[in-house]
Structures are given as structure tokens and as C-alpha cells.
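*Asks:* Have a look at this one.
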Amino acid sequence: MTAEMKTVGEVLVDLLEANGVEVVFGIPGVHTVELYRGLASSKIRHVTPRHEQGAGFMADGYARVSGKPGVALVITGPGLTNTITAMAQARQDSIPMLVISGVNRRDSLGHGRGLLHELPDQHGMMKTLALYSHTLLNPADLPLVVDRAFAVLLSGRPGPVHIEIPTDVMALPIESKPPRPAAATRPRSDSETLQKAAILCADAARPVILCGGGALTAEAEVQQLAELIGAPVVTTVNARGMLAGHPLRVPASPSLKAVRALLRAADLVLALGTEMGQTDYDLYADGGFPELRNLVRTDIDAAQLARGPQAALSILSGAKMATAGILGFLPGHVAAKDGAERAELARKAALKELSAKMRAEVAVINMIYGALPDCTIVGDSTQAVYAGNLYCDAPRQRSWFNSATGYGALGYAPPAAVGAAVADRSKPVVCIVGDGGFQFSLAEIGSAVDAAARVIFLVWNNDGYQEIESYMVDSGITPEGVKPSAPDFLMTAGAYGVPAERLADVRDLPRVLAVAAARSGPSLIEIHQAKTVGVTA
1 MTAEMKTVGE
11 VLVDLLEANG
21 VEVVFGIPGV
31 HTVELYRGLA
41 SSKIRHVTPR
51 HEQGAGFMAD
61 GYARVSGKPG
71 VALVITGPGL
81 TNTITAMAQA
91 RQDSIPMLVI
101 SGVNRRDSLG
111 HGRGLLHELP
121 DQHGMMKTLA
131 LYSHTLLNPA
141 DLPLVVDRAF
151 AVLLSGRPGP
161 VHIEIPTDVM
171 ALPIESKPPR
181 PAAATRPRSD
191 SETLQKAAIL
201 CADAARPVIL
211 CGGGALTAEA
221 EVQQLAELIG
231 APVVTTVNAR
241 GMLAGHPLRV
251 PASPSLKAVR
261 ALLRAADLVL
271 ALGTEMGQTD
281 YDLYADGGFP
291 ELRNLVRTDI
301 DAAQLARGPQ
311 AALSILSGAK
321 MATAGILGFL
331 PGHVAAKDGA
341 ERAELARKAA
351 LKELSAKMRA
361 EVAVINMIYG
371 ALPDCTIVGD
381 STQAVYAGNL
391 YCDAPRQRSW
401 FNSATGYGAL
411 GYAPPAAVGA
421 AVADRSKPVV
431 CIVGDGGFQF
441 SLAEIGSAVD
451 AAARVIFLVW
461 NNDGYQEIES
471 YMVDSGITPE
481 GVKPSAPDFL
491 MTAGAYGVPA
501 ERLADVRDLP
511 RVLAVAAARS
521 GPSLIEIHQA
531 KTVGVTA
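Shown next, in the form of C-alpha cells:
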């Protein structure tokens with residue numbers, strides 16, 4: 001029997017389908033059209049952003065909500081460099097992202113002939129950022145390369161991976177074989193190490209559990225362990241919403257004095273799936289994070305275990321397997337009785353520690369969840385989001401995430417919210433974005449319209465970069481460059497046919513949110529920090 005022959009682009013689409021890809025975010029160009037050859041006849045949906053950075057951020061938001069890798073398809077040169085910021089955010093936040101790009105002809109690489117979209121060394125540039133980057137020089141290698149890309153995404157600490165396909169390779173015929181999904185292999189700790197961790201848990205009188213984004217898949221096991229040993233559970237930004245409503249939850253930042261006091265008093269701290277990075281643990285760079293006694297640290301990445309605070313015991317394992325393993329050595333354990341009391345005291349003290357302005361902003365966030373309990377809030381680097389990152393009692397995991405930690409990219413939220421809405425059409429997405437940050441990606445309103453995404457763009461207007469202005473003033477620097485002019489956001493939304501409303505009183509927010517959430521497409525609401533009554537203290 002003669003084997004079926006397809007082009008590299010067509011086989012690529014088959015391989016993406018085999019690995020569960022349902023959506024691709026991208027902007028087609030002359031240097032990628034051959035990769036689109038099989039896309040229209042596939043089951044994969046294509047969503048077109050207005051900028052390749054938006055493609056990356058959409059893939060990021062999609063991955064955070066769906067739990068699956070987000071895929072971006074971009075052209076050679078500027079398409080790829082436009083995507084780098086989004087890849088860096090994904091790298092910092094451990095978000096699985098596959099970026100597929102073109103690259104110039106194989107016989108031109110490294111020669112500097114001034115070809116369209118040429119870079120001196122595109123692959124070399126991407127190797128500094130991506131967890132894995134490969135140039136497909138041999139068309140027959142495509143299945144192996146895609147298999148390795150997904151294996152990297154699914155087996156270790158997630159992040160961005162990159163495949164580039166030369167323009168003269170894309171249309172070449174290759175044998176089409178039945179595609180298979182990549183196999184994921186995750187590290188699992190040995191029983192002796194898990195038993196040591198269990199003994200430390202059993203002996204602890206004041207245990208505390210720290211959960212990062214790597215612990216999201218272990219929520220049931222974490223709750224069982226926390227209840228078993230009586231441990232308050234502190235969640236970082238990317239884990240916010242774990243153990244929602246549970247008396248042991250502490251949905252507050254470890255950068256707060258109240259949470260640090262809880263950790264300082266602990267005789268055991270079990271850190272699960274958290275890199276323990278500065279933007280979560282020392283946001284104000286004051287060096288005040290305490291030295292932890294009996295730190296037991298679990299991470300899927302051996303290199304990460306070697307960074308950060310020194311642990312009494314390190315466990316190379318995914319959080320779910322590690323927690324389940326520890327539980328196996330704790331039958332009949334009697335929990336410490338004051339865990340819920342310690343958690344409640346930490347929650348109250350953390351919220352009280354916030355400024356009156358921040359508490360008012362947290363109240364608005366609570367108002368959003370109160371009006372739309374099933375919504376997902378996607379945030380940009382803006383003041384209300386900073387407040388929420390310090391304290392946000394989200395109703396479930398994956399319902400609160402933003403770019404104000406890690407890489408800290410502005411303009412993230414609008415496209416990421418579109419990706420989140422595409423990932424789950426059953427829930428409305430509220431995009432909290434400042435007037436400054438929104439102008440980085442304002443045109444993605446059009447992408448939301450095209451995708452019929454249920455995104456409510458909540459513009460937090462403070463007439464410029466107020467966070468930076470305040471920092472300048474506090475540092476004795478005359479503010480400069482912090483008052484960029486903003487468009488009339490209602491008129492901008494109207495130009496795209498998007499319903500919009502400016503709030504006079506924050507008490508109107510629940511009503512306006514309910515109306516917006518009932519629509520099948522996007523909406524826009526503007527809150528002005530000075531002109532909307534009740535929005536801030």
C-alpha cells in the first residue's frame with residue numbers, strides 16, 4: 001500500500017489535533033500560509049488577534065483556564081519578536097505555551113542577505129527564552145519534533161516552547177502516518193523522602209502549607225492534608241482560589257506582615273509548587289521574608305529546588321503525587337486543633353494591614369465576584385489588581401490571574417481575557433485593566449468581537465500611570481511621563497459595536513455587570529478612580 005503524502009503544514013495540523021489542540025491564536029502572513037493549508041478542514045479553531053503579542057497573551061489566558069497548552073502561530077522575524085514578551089510572561093509564571101513560527105529558507109540562514117523578516121540568528125535568540133526551541137531542517141523529523149515539544153510542555157515545569165519551520169520546508173511532501181499524542185513523564189519522589197516529610201508533618205504543632213500555581217492540580221490532596229495536620233493554607237497569586245471558603249484558607253500575599261508572622265511562628269512549612277519568587281514573597285523588596293524553620297519544599301523542577309530559601313527537605317515531584325504520597329504515611333493522624341483559628345487570625349490581620357484605598361479596591365473585586373460568582377477575573381498591572389494580589393478571596397482556583405507578578409507585562413489582560421473566554425464559553429470573563437495598560441492592546445477589543453468572547457472590559461481609569469507617579473513622588477522625583485492621554489473608552493468600544501457604560505456610582509456595578517454578562521459578546525465598563533463615587537477611599 002502506498003503511504004499517503006501530505007505537506008509539512010498539513011501534517012503539523014494533524015499532529016496538533018492528535019495532541020488535543022482545539023484553538024490556535026495567530027496572524028497569517030506570506031511566511032506562514034503553507035502552515036494554514038490544512039487548518040480550515042481541521043477541527044482546530046483559529047482566533048486572530050490584532051498583534052502577535054496578543055496571540056501569545058491569548059494563548060497564555062487560554063492555557064490558564066483550560067489547563068492545556070496554548071498555541072500561537074506567528075510569522076518569521078517581527079511576528080516572533082512581537083510574541084517574545086508574552087513568552088517571557090509565560091516563562092515566569094510557568095504557563096504551557098507552544099509557539100510555532102516561520103523562519104527564512106534553509107540556504108539563507110546565517111548569511112545575512114537582507115531577506116524579508118530576517119534576523120541574524122532567530123533560533124539562537126529563542127534558545128535564551130524557550131524551554132525548547134528547534135529548527136525543522138529535515139521535514140521527516142516533524143513528528144519527532146512536535147512529540148518532544150509537547151513532552152517538554154507536559155512533563156516538567158511548564159513554560160514556552162518554540163518550533164520554527166523554514167519557508168522552503170513548509171510545503172514539502174512527507175509521509176503521513178497516524179499521529180499519536182506525546183507521552184508525559186513526571187518526576188516522582190522515592191518513598192523514603194515522602195516518609196520523612198510525613199514524619200515532619202506528624203510532629204509539627206504549628207504547620208503551614210504554602211501553595212503556588214504548581215499545586216492547582218493537587219487541590220483535593222492539599223485540602224485533605226491540611227485538614228489532617230491542621231495547617232493553614234497560604235496561596236500565592238497563581239494559586240488564589242484554592243480551598244475557597246474553607247476555614248484553613250489564607251488568600252493573602254506572603255509579602256504582608258500578617259502572613260509572614262504566621263510563617264515565622266510555624267514549626268513546619270510545606271511549600272508545594274511555588275518558586276518562592278520575589279513578586280510573591282518580597283513584593284516590596286524589603287528583605288523582610290522570614291527564615292523558615294523546617295521548610296519542606298516540593299517542586300517538579302530540580303533546578304528550582306536549588307534556588308530560593310534553603311529547605312530542610314527537598315522533594316523532586318509534582319505537587320499532586322507528593323501530597324498523595326505524604327498522605328499515605330499519615331493514617332490516623334490527629335490534627336493540630338488551632339489550624340482554623342490561626343488561619344482566621346491571619347486573614348483578618350492581612351486585610352486590616354491593607355491601606356484604606358486598597359481595602360476599597362478589594363471591596364470592588366468582591367463586588368464583582370458577588371454579582372458574577374462564576375466569572376474569571378483576568379488582571380493587568382493596575383492598582384486594583386495590585387490590591388487583589390495582596391488579598392483576594394477568589395471563589396475557585398483559576399478564577400483570578402494577572403500579569404502583575406512575575407514578568408509584569410502591561411497590556412496583558414485584554415488579549416489574555418479573550419483567550420480565557422475562548423477556553424470556557426460558559427463563564428463570563430472580567431478584564432480589569434488600567435487606562436494606561438489598556439492602550440498597549442486596545443485593538444484587541446476587535447478580537448473579542450470576532451471571537452464572540454464574553455469579556456467584560458472593566459477599565460480602571462486613574463488618568464495615567466498613577467502607580468508610577470506615586471512612586472516618583474514618594475522617592476522625591478518630579479513626576480514626568482506618567483500622564484499619557486487616553487481615548488474616550490466608551491466611544492472606542494462603540495466604534496467596534498461594543499456596548500459600554502461609565503459608572504457614576506460604584507453601587508451600580510452589580511447591575512451593570514449582570515446586564516453585560518447576559519450578552520453573548522464583549523462589553524465595556526469604565527470606572528474612574530476620582531469620578532466614580534465609592535470606588536476608592
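Numbering of the sequence shown is given in full-length UniProt numbering, commencing with residue 1 and proceeding in unit increments.
Built from N, CA and C at the ideal position, the CB exists for glycine as well.
#1: Assign His162 to buried or exposed, taking buried as 16 or more other Cβ atoms, counted over all protein chains shown, within 10 Å of its Cβ.
#2: Evaluate Ala265 with the Cβ neighbour count: other Cβ atoms within 10 Å of its Cβ, from every protein chain shown; 16 or more gives buried, anything less gives exposed.
#3: Of the choices Pro499, Val422, His134 and Tyr36, whose alpha-carbon is the least far from that of Leu458?
#4: Out of Val65, Ser41, Val33 and Val8, which has the shortest C-alpha to C-alpha gap to Ala421?
#5: Who pairs with Ser523 in a beta bridge, going by DSSP?
#6: From the DSSP output, in three-state form, read off Val74 for me.
#7: Residue range of the beta strand (DSSP E) that Pro166 falls in?
#8: With burial defined as no fewer than 16 other Cβ atoms inside 10 Å of the residue's Cβ, what is the status of Pro178: buried or exposed?
#9: Between the Cα of Arg398 and those of Gly70, Arg180 and Gly213, spot the shortest distance and give me the residue it belongs to.
#10: Relative to the C-alpha of Asp14, which candidate in Arg206, Val33, Ile84 and Val146 has its C-alpha closest?
#11: Identify whether Thr298 lies in helix, strand or coil by the three-state DSSP scheme.
#12: Opposite Glu461 in the DSSP bridges: which residues?
#13: Please name the residue, chosen from Gly388, Gly379, Ala404 and Arg425, that lies closest to Pro415 on a Cα-to-Cα basis.
#14: Can you grab the Cα-Cα spacing for the pair Ala252 / Glu4, in whole Å?
#15: Under 6 Å Cβ to Cβ from Leu351, same chain only, skipping five residues before and after it: list those, please.
#16: How would you label Gly29, buried or exposed, when you count the other beta carbons within 10 angstroms and need 16 or more for buried?
#17: Grab me the residues of Ser42's own chain with a C-beta within less than 7 Å of its C-beta, minus the 5 sequence neighbours each way, in chain order.
#18: Please name the residue, chosen from Ala149, Met125, Leu330 and Pro309, that lies closest to Gln195 on a Cα-to-Cα basis.
#19: Report buried or exposed for Ile477, applying the criterion of at least 16 other Cβ atoms within 10 angstroms of its Cβ.
#20: Give a yes or no on whether the C-beta atoms belonging to Ala171 and Thr7 are separated by under 7 Å.
#21: Reducing DSSP to helix, strand and coil, say where Glu291 ends up.
#22: With a threshold of 8 Å, are at least 3 pairs of Cβ atoms found where one atom belongs to the segment 46 to 62 and the other to the segment 115 to 127?
#23: In this structure, how does DSSP classify Ser108 when only helix, strand and coil are distinguished?
#24: Could you compute how far the alpha carbon of Met1 sits from the alpha carbon of Leu137?
#25: Taking the straight line between their C-alpha atoms, what separation do you get for Leu503 and Gln310?
#26: Going residue by residue through the UniProt domain "Thiamine pyrophosphate enzyme central" (194 to 321), where are the continuous alpha helix (DSSP H) segments of at least 4 residues, counting only ones entirely within it?
#27: By DSSP, does Tyr391 sit in helix, in strand, or in coil?
#28: Please specify which runs of the alpha helix (DSSP H), each continuous and at least 4 residues long, are wholly inside the segment 390 to 444, giving them in chain order.
#29: Starting from the C-beta of Tyr132, find all residues in its chain whose C-beta is less than 8 Å away, skip the five residues before and the five after it, and write them out in chain order.
#30: Who are the Cβ neighbours of Pro247 in its own chain at under 6 Å, not counting the five residues just before and after it?
#31: Helix, strand or coil, according to DSSP, for residue 539 in the structure here?
#32: Grouping DSSP H, G and I as helix and E and B as strand, with all else coil, what is Ser133?
#33: So who's on the other strand from Ser101, going by DSSP bridges?
#34: Taking a contact to mean a Cβ-Cβ separation below 7 Å, would you say Gly434 touches Trp460 in this structure?
*Replies:* So, to answer that:
#1: buried
#2: exposed
#3: Pro499
#4: Val65
#5: Ile456
#6: For Val74, the three-state secondary structure derived from DSSP is strand.
#7: Pro160 to Pro166
#8: exposed
#9: Gly213
#10: Of Arg206, Val33, Ile84 and Val146, the residue nearest in Cα terms is Val146.
#11: strand
#12: Strictly speaking, residue 461 in this sequence is Asn, with Glu absent from that position. Asn461 pairs with His528.
#13: Considering only Gly388, Gly379, Ala404 and Arg425, the residue with the shortest C-alpha distance to Pro415 is Gly379.
#14: 57 Å
#15: Tyr391
#16: buried
#17: Val13 and Glu17
#18: For the residues Ala149, Met125, Leu330 and Pro309, the minimum Cα distance to Gln195 belongs to Leu330.
#19: exposed
#20: yes
#21: coil
#22: no
#23: Helix.
#24: Residue placement at Met1 is poorly supported in this model, since its pLDDT is 40, which falls under 50; the coordinates still yield a value, given next. Each residue's CA atom was taken as its position, placing Met1 and Leu137 some 28 Å apart.
#25: 49 Å
#26: Those alpha helix (DSSP H) runs which fall completely within the UniProt domain "Thiamine pyrophosphate enzyme central" (194 to 321) and span 4+ residues are 219 to 229, 257 to 265, 278 to 281 and 302 to 305.
#27: strand
#28: 413 to 423 and 435 to 438
#29: Arg148, Ala149, Val152, Val161 and His162
#30: Ala340
#31: Limits of the chain in this structure are 1 at one end and 537 at the other, which puts residue 539 out of reach.
#32: strand
#33: Val74 and Glu164, per the DSSP bridge assignment.
#34: yes
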